[in-house]
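Every position in the sequence shown, counted from 1, becomes a number in our numbering once 65 is added.
A quick write-up on the structure given underneath.
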Amino acid sequence: MNDIDEIKMLLYMDKTPHEIITLGYPKDLVLEIFKREFESRLEEAGLDIWEPN
């Protein structure tokens with residue numbers, strides 16, 4: 066398992082980006098993956114982060 070898969074797994078386990086970074090994963094990588102996963106979950110829920118209410 067590579068770092069990306071491990072970070073995604075930790076996010077699905079409801080770990081915060083801060084918790085994952087303190088485990089020794091690179092901050093930039095953690096934040097990029099968090100952003101992508103967050104946007105993906107919003108899209109799955111039918112929401113668009115860029116559209117105002």
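Ideal Cβ placement from N, Cα and C applies to all residues, glycine included.
Check your understanding: In chain order, which continuous runs of the alpha helix (DSSP H) of length 4 or greater are located wholly inside the region 84 to 114?
Key -> 92 to 109
Review point. Cα-Cα, which of Met66, Thr81, Lys73 and Asn67 is closest to Arg153?
Key: Outside the displayed range of the chain (66 to 118) lies residue 153, so it cannot be described from this structure.
Exercise for review: With DSSP collapsed to three states, give me the class of Met74.
Suggested key: Counting from 1 along the sequence shown, the entry for residue 74 is found at position 9. Met74 falls in the helix class under three-state DSSP.
Point to revise | Cβ neighbours of Pro82 in the same chain (closer than 7 Å, five flanking residues each side left out) | key: Looking up residue 82 in the sequence shown gives position 17. Within the same chain, Pro82 has close Cβ partners Val95, Leu96 and Phe99.
**Study point:** Whether Ile86 touches Leu75 by CB criterion (8 Å)
**Key:** Along the sequence shown, read from residue 1 onward, the residue named residue 86 stands at position 21. Along the sequence shown, read from residue 1 onward, the residue named residue 75 stands at position 10. Taking 8 Å as the Cβ cut-off, Ile86 and Leu75 do not qualify as a contacting pair.
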